[in-house]
Each structure stands twice: as structure tokens, then as C-alpha cells.
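First the structure, in the form of C-alpha cells, and then the observations on it.
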Amino acid sequence: MVAWMKKYAEKFPNITNLYSVGKSVQGRDLWVLIISDNPKEHELLEPEFKYVGNMHGNEVVGREALLYLIAILCENYGSNQYFTKMVDETRIHIMPSMNPDGYEMDKPGDRIGYTGRGNANNVDLNRNFPARYPEHKDLSGGTSPEPETQAVMQWILSYPFILSANLHGGSLVANYPYDDSDSGKDGIYTPSLDDKLFVQLAYQYARAHSNMWKTGRRCGLSDYGDSFLHGITNGAGWYHLAGGMQDWQYVHSNSMEITIEMGCFKFPNDDMQIRLWDEHKFSVLAFMEMVHKGVKGIVSDADGLPMANAVVSIVSGGQGKNITTTDKGEYWRILTPGKYKMRVTHENHMPYEFDVEIDEKEAKVVNVTMKDEPCDAEDNIEEKIYIRGKGPIGFALLGVDDMSKDLLTRIANITCPVVDTTVKDLMLRSRLYIIPEYSQVEHLPYLRTMSIDTVLIFGSGPPHSIIFNAMDSTPTLFNSNKFDESLKKAFLGDSSTPNCINRLHDQQVSSMVNAMGVPNRFQLGVAIGCIQNDSQRAEAALTGILESLLNVIKKDVVHEYSVVPSSNPGDHFTPDQVIMSTSAGLDRIEPDATCQIRQLEIGNMKVYTMGAHKGPHTLIMAIEMKTEAMVYNIGSMLCRPTTGDATLVSKIISGSTIVLLPDIPHSQINCHDYGTISPFHPVIDQVLKAIPEIDMVILMAAGGVKVRYIDAASGPEKTNNKPATGNSFMPMAKGEVGKGSSAELLANTYIENHKVMKENKLDVCGNEHMERPVIASFQWSEHTWRAPDALLVQTACCYEQRGVGYLFEENKKSILAVLEKRLQGVSGIVMDVNGNKMPNINITIYPDGDPKNPENSKNFTQTTRNSGFFHFCLKPGAYFLDVSANGFISQSIRINIKNSTSLTKEFVLHRPFQLTPGKIAAASIMALLMLGIVLYCVFNSIEDFSWRKSTDGFERLPLKDEDFDDDSEEDVLDFRMLKR
């Protein structure tokens, strides 16, 4: 195989490029040959296609067919119009063998064996990918991705593949997603959103094959064989398979892949290969043609620049998964013929919709130019409040006289629309709330609702600054002398200071500032002179002011630099600098990381989600500057685990969803010992509205070495008949696993895995006058929102003379233990028959063997969230899960919970069937049709009965041939365990 590929790479260097995507367990290269007119570069809007063969080492028909395909594409280029066009307009990647180690273990003549099926570790690679339902995986798929799987996953995400086929052996059928059924049972048709498209893709291959398309039984299994309608099948409708490549690829990339079973003989003798190739050659070519169907184009912004990661979705005319644009703004959307309405979306841009009619011809080209969201969309014209920018740092710009009113009005106009690139960058980093004529009566209520970090009050007077609230609220990096020097240059140039009244020194302005009620925000007065500045000077001046403040506000982080020389960058840099000095920053994680990291913009916060995007959803957030770097490191660990952590991290990532919020608005600059976490409720609530599946929040802070937990379901805790407060904790002994609430269980899990907490019953940061237990309960304040369970983890004393680099290592084991324990339970989604998610549905769990009784203390009941999601943290054991809703048929299933294992279920609720005259008539017609079909089948089975003189189709495959042993055709085999 390698010699064959190298021969064609050397013989046709202008249209080929041979490369390896990685190595097998035994060190063999996973070779891929690109065939295209420009093989070493991606051409704009040229689709990328791939074939993968020999995933099971003993299934070699696909491997040999792909070598033949390489030959005909290369040998006919330039002389055959069809092949030349295919190579010129497509970038074709061919991997003949994904499992070269397994291939070497078997030999020709193996028809139904297992030898070489797995890789060198005897792992089935087509069950080794991260599964949709991890609990459905069997032992043959291993516990973590094998080297071959990891290499192929990275390969798939490194190229903009559009269409693919995975070539297997063991039957004769074209199989399409999903392979894994929601219940994990065989024979349950489990469609993807692109089911209609996949049927067309599968039939495109089957119909071009001489026999595959015919309805009939396969592989000589007589009456017990697998029968496929038109030679295609839904994977789970045949038998369920968890951890397959086509399911993973459909969920995690733009590519559409089907699996081809190329024949009943897995490792044919050499003299059989030519005939098998003849049967498949038109199919492999016909399937490749589908990469040129549908619609494609380039998405650009208003300046004509390509827009990466724009989302292209189907609005009407059909359904299908969303796809994203490449770095060059390209998109390809394969569609079945019909009329569609498509939508393109991208953050900070107006959605764009277009209509397209798809036919059997080549893909339509529809380029899209996205318009920016109107820069004044959020303005309150009546109140004369102007909002500009989308950045994370908020500034309130207030004018108190005519000079400042004129300046801020012009600034509002200059920043909408933005022309200057410097100002445009500034708007990406900051968010401005501009009030040119500030009125305490009109604007104070609004001001208090703004998410602001700094209040800037502008007024006339000799250029200088006034800090209205010194001490803790002033950024320590702010240098007022240098700032004032810049103001003089910005507003006066070379002129001398004019003799004018300083409005900022008025008692009225001071009273106005005090009345704002934002003591924890930096409040700075800026005198702007008494000479009218032109627009250009005003723009430059304000840009300079905001630039200088942006450089100090978020860099005002923990300055507990290490007093002992350390090699850990985290001990010498602030968290903001750590991100640039190490690989901890989430924005530096490669997009092809197996943790499937995604970035969301929620308000002015950047939130990162990673994992399976199902199962238990855990929010981890830093509420102090000191712990921001640690949360970044948690994300880095989950996406790039060390060798020792890889297995556990893979288990967590494949079974749950982690949401990281490293930097919150108004993050605590100083260390605190928290008596409550209720002040963080607005931030948490904002995230929960965007991701309602979150049911556990972990807040990382300093101010002690201890854990506080909130059991949201238990309500306010009481101590001595008084509400629990910051000084009224409820200490407890460390209970055994499974006792107490799930929040309490997780708190104990954290402590048991933390060296310092485990060895001490009291907080080591306390003293004899202020003793604090290592574990205690908190409660949310009175609330109307759907509060989650929560842990407040305090990781360090306020007075420690160390930096922050050590925090992650001290807490890593505990964090992983809690995330693993979170897997232990069941989660799922409830929807109606139309696919609509159903909130407020009652879910009840009770142990197997206990009668269902509302009075039973062992019953647990909760209602689904707005997204229809639910999650229970449960002890290992057997349970019954009941789903009930008014007007719907209740459902009940038995589940088995294993230690640290996540179980995911999906429920579709149906309304009770009610007979109506229309339904009775429809049922009667259906009964007559079924009777007719039965009679037809009975007559057709009679030996001498025939509706016509000849029939099409076949009874078994392969057809009788001297290469096959007749005796083996009579064997009854269980091919369900041998396929794919």
C-alpha cells in the first residue's frame, strides 16, 4: 500500500500530495494522498472530500478499492474529461488504511473472522470515538481515544471537509447516522437532523452499485439474514453502535459521513479484488459527485473581510445541523433538491437571510455580506443616553456643563459609525454609556443598572483629574500625575492653561457623585479646559483617556508576588499576564482540541463551554482576581490533560458539560472572607438564562481554606431559630459518601481530595478569635429565580505572601474529583412529539424495590428547566424514573446508576389517543391496506404462485461464484456483532 501511494505521488507530483496524519500504536504512518489540481493548498470555495478505508484491519475491500481509485484518478487526469473535471474542482483526500497494525495481523481468505479487527491494543476503532451516549459504549471501544483515533479526530477538524465515506466489510449496505440510538437498543430508527439528506447520500452510493441497491437479504443468512430496503439503512435502525466515527463527525464538524459495507467477504483472496472493484467503482465516483450539490459561498463583513465562524442554518424548506464558516469565510451546505430559506448569523452583526432553490445541478453560489448591528441600536433617545461598543469593560461618561455636553455629543457621533481603526479596536474592548447632560433625577436609576467599571465625569476647567473615591476603588496602576500631563497635551496643545472656572470642584458635583451609590467603582473627574476642541482633537483625547484607563483597570489584579524565586510564571505575573506568558489562556487553545471548547458572549462576559454538551452542567467561575488564572488553568487542563490525568479528564469531558467564567464584571480585587455569595446572584442568573441546563455552580475565591455549600432545594438554613448568616455556619462531620444533599456530598468530596482541608477541621486561615469550620452550609437569600446548588471554594489566606501559580496545583485533584462525582447520576431532556423542549415537567426518582409514594422520604422530585433539561445526582444502585405531565401519557423506566458514571436519557411525551370519526376512518383504510399487503406476501410465498414471469432482486449476496464455498452459505451466523 505505502509503495503504491508513493509511486503515484512521485509519478504525478503536480496533482498529488502524500502526507501522514499520525502514527498507529506500533508506529506505522496513517498515510493520506491528496489528489487535486492544487494539492498542497486549499483553493477558495473548492470542496474538500475524503475516503477512509480499513478502519477494521481485517476488512480490506475498501483499502484495495481506494488504491484502485488513486490509480484511475491519476492515470486519467488530462485525458478523460470526467476525471479531469473531478480532480480540478475537488480536493480529494484518500486514507486507504486507518488501522495498518490490524491489517498486518490477518491474511487473505478470512471471511467472517475477528483477527485484526481491532488495533494493536485490540480496541475497535469504530467504537473508540467520544460517544453521544457514553454509557452505551461497550468494552471493545476502550476507555480513551487510541492514537489512531486521536490522529483522525485532529485530521477531521484540521480541514474543511464537507463529505466523507468510511469503507467497511461484512455486509452490503450504505449506512447513515445515527449509529447510536437514544435508548441504546438495536433496531430503533434514530434520525439525525439531516436524515433526508443522508438517505439521498446513501442511495447515491447504493444505486450505482450493481447489486447493493436491490432489496433483499445479505450474506447467505437465509431467513435469518439482514434485509435492507434499497440497500441503505439507518445505523441504529440496524443495530446500535456507540463511539462510531460517523456520529462523532456529524456532531463535531461540518462534514457529513456515511459508512459503506462493501461485501460479505472481509479479507478476500487477491483474485477476487478486481471483480469487487468493478462492482464498486461507479459507486465511489457517484458518491464523490455529491460534494458539489447544494449551496456554497463566502461570508464577508461590511469591509469585505472574510468572517470566520459565522453560522449557516436552515430556516425553512427542510432541516439540518448548523454549519460554520472557515477562516476564509467559506461555507458549503449540501442540500436535497427543493426551495430553502437560509440564515447566516455572526456575533455583533445583523442576521442575513436568503432564499435558494436547489436542483440536481452543481451547487449554487450565494455570497453573503453581513451588516454590522446598528451602532445606535441600544440608544435611549428620549433620555439622551447613547451606548457604544461591545467590550467587557464598562465606562459611564457623564457631562455636567455645556463644554462637556458638546464634547460627549460629538464623541457619541464619532463612535457611531466608527471609521477610525483605533476607535474600532477600542469599541471591541470597552462599552461606553454616554450621558452628555447628566441629571440625577432622570439618569440615576438607569446609571445604577449599568454594568460599569469606571465613572468618568467631564466638566470645564484647567485640564486635570479628580479622584472622587480614593482608597480601594482606585486602580493601583493609575498614575494621576502622568494622566494629568496627558490631559494638558490632549486638550490644550502648546497653549497655556486658561483662566476659567473649574466645574468639577463645585459642591453640587461632589454631592451628585456621592448620590450615585456606586462606591466600589472608580470615579474619576476629568476637566477638559475651556476652549472648544475640534472633533479630531476630541476623538484623539477621549481615545487616549480610555486607552490609558483600559491599561490599568483590568491589570489591577493580585500583586502578591512571590518572595521566593520560582520557576512558575504564575508566581511572578498577574493573571492577565499569565495568559500571555503561559498556555493557560482559553483563547490560545487550538479549535481542534478534543474538549470541544466553545466561546459564548453573555452580556459583557466571555463564557467558555466544553465537554459533551449534555449530561450534568457545571459552572466554574472566579469571583476574585486572585483566582482568575486558576479557572483558566482548569480549562487548559480539560482541553490538554497531562498523561496522568488523561483518562479521568476524558471521562469527564465525554459525560458532562463544563462552563467556565474566568472573569466576571466587577471581580473582587481584594481578598474577602465571604459571609454570603448572594451578591453574585445577578451574574449567575445572567449565565443561567443563556445556559439553563446549569444546575451546579462552583465559585472560586480566596479568604480562607474551606468550602461552603448551598443546597438550593432545602431553603434558608436556620441556626438557633435565626436565619444563617456569615457568622452563623452549620458545621458538620464529614459524612459518608451518599449521605446528605448532593451539594454536601460534593463539598465533602472536595475536602477529601485537598491535602490541607482534609487534615484540618478548622480553617487554617482563622485564629483563636475567629474560628471557622472547614465545611459549612450557606443559603441563597430570598429569591424568585431558579437557584442552583453551589459550592464556594476558598483556596488561600488573604495574608499569604505567595503568588497565584500554586493555587491550581493545590486544588486540581479536588476539582477533578468533584467533576467526576458530578457524573454519578442521570440527566436528560423532555420534549413533545414535535421536538419542542418541555419545561416544568415533573421528574420523580425512587429506589427500585421501594413503592412509589409521595410520603416516601427516599423519593426525589424536580421539574425540568426551560430547556426541558433535568439532572439527578444519585448514589449507585437501581432506580425507577417517572416522567409525568398534565395532558400527557406518563412514562417510567428503570435505570442503573454506576459509580461516577453519567446516564443520559431522552423522553418524548405523547398525548393520550382519542378516537374521532376521522381517526376511525383513517384506521379502517390502514387496516385494509395492511390486509392487502399480507395477502400479497402469502401468495408470493407459495412455490408455484407468481404475479409475473420474472422477478428482480436477489436472495443472497455474493451471487454464486467459484470463489465461494457453497457449504459455508448454509451456516447461520450472527452478523450483528461483525458488521462495521
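Take 1 as the starting number for the sequence shown in UniProt numbering and just add one per residue. We put the beta carbon where it would ideally sit given N, CA and C, even for glycine.
Can you check DSSP and say which residues form a bridge with residue 602? 605
Please determine, among 551, 605, 400, the residue with the shortest C-alpha to C-alpha distance to residue 506. 400
Counterpart residues of residue 353 in DSSP-defined beta bridges: Its beta-bridge partners are 343.
Express the C-alpha separation of residue 314 and residue 321 in angstroms, rounding to a whole number. 8 Å
Is the beta carbon of residue 693 less than 8 Å from the beta carbon of residue 867? Cβ distance < 8 Å, so residue 693 and residue 867 count as in contact.
Alpha carbon to alpha carbon, what distance is there between residue 368 and residue 311? Taken atom to atom, the span from the alpha-carbon of residue 311 to that of residue 368 is near 12 Å.
To the nearest angstrom, how far is it from the Cα of residue 597 to the Cα of residue 639? Near 8 Å, if we compare the C-alpha coordinates of residue 639 and residue 597.
Residue 486 by DSSP, collapsed to three states: which one? If DSSP states are grouped into helix, strand and coil, residue 486 belongs with the helices.
Neighbourhood of residue 101 by C-beta distance below 7 Å, restricted to the same chain and skipping five residues each side: Within the same chain, residue 101 has close Cβ partners 24, 25, 26, 28, 57, 119, 120.
Nearest to residue 371 (by Cα), restricted to the options 461, 348, 528: 348
Do residue 772 and residue 877 have their C-beta atoms closer together than 8 Å? no
Minimum C-alpha distance to residue 373 - residue among 366, 352, 362: Checked all of 366, 352, 362; the closest Cα to residue 373 is 352.
Does the stretch 231–238 come close enough to the stretch 172–189 to have 3 or more Cβ pairs within less than 8 Å? yes
Quick one, are the C-beta atoms of residue 162 and residue 257 less than 8 Å apart? no
Taking C-alpha atoms, which residue in 43, 701, 659, 524 lies nearest to residue 676? It is 701 whose Cα lies nearest to the Cα of residue 676.
From 490, 601, 248, residue whose alpha carbon lies closest to that of residue 145: Selection 490, 601, 248 evaluated against residue 145 yields 248 as nearest (Cα-Cα).
To the nearest angstrom, report how far apart residue 544 and residue 520 are at their CA atoms. 24 Å
State the DSSP-derived secondary structure class of residue 275, mapped to helix, strand or coil. helix
Quick one: Cα of residue 360 to Cα of residue 283, how far? 17 Å
Excluding the 5 residues preceding and the 5 following residue 93 in the sequence, name in chain order all residues of the same chain whose CB lies nearer than 8 Å to its CB. 32, 33, 34, 48, 49, 50, 51, 159, 161
By how many angstroms is the C-alpha of residue 774 removed from the C-alpha of residue 755? One C-alpha to the other measures close to 12 Å.
For residue 243, name the three-state secondary structure that DSSP assigns. coil
Exposed or buried, what is residue 337 when buried is set at 16 or more other beta-carbons lying within 10 Å of its beta-carbon? exposed
Inter-stretch contact at 8 Å, needing at least 3 Cβ pairs: the stretch 73–81 / the stretch 135–143: With the rule of 3 Cβ pairs closer than 8 Å, the stretch 73–81 does not count as touching the stretch 135–143.
Start and end residues, beta strand (DSSP E) containing residue 17: DSSP places residue 17 in the uninterrupted beta strand (DSSP E) bounded by 16–23.
Below 8 Å on the Cβ atoms is my guess for residue 127 versus residue 243; work out the distance and round it to an integer in Å. 4 Å
Give the single residue among 383, 518, 741, 435 whose Cα lies nearest to the Cα of residue 469. For residue 469, the closest C-alpha among the options 383, 518, 741, 435 is that of 518.
Among residues of its own chain, excluding the 5 on either side of residue 196, which ones have a beta-carbon nearer than 6 Å to its beta-carbon? 336
Nearest to residue 208 (by Cα), restricted to the options 457, 279, 537: When only C-alpha atoms are compared, the closest one is 279.
Which term fits residue 614, buried or exposed, when burial requires 16 or more other beta carbons within 10 angstroms of its beta carbon? buried
Using the beta-carbon count (16 or more within 10 Å), is residue 776 buried or exposed? buried
Roughly how many angstroms separate the alpha carbons of residue 17 and residue 40, rounded to a whole number? If I take the Cα positions, the gap works out to 6 Å.
Where do the N-terminal and C-terminal ends of the beta strand (DSSP E) with residue 846 fall, by residue? Element bounds for residue 846: 842–847.
Bridge partners for residue 871 per DSSP, in chain order? 827
Please report the straight-line C-alpha distance between residue 99 and residue 123, rounded to a whole angstrom. Rounded to whole angstroms, residue 99 and residue 123 show a C-alpha spacing of 11 Å.
Distance between residue 424 and residue 446 (C-alpha atoms, nearest Å): 26 Å
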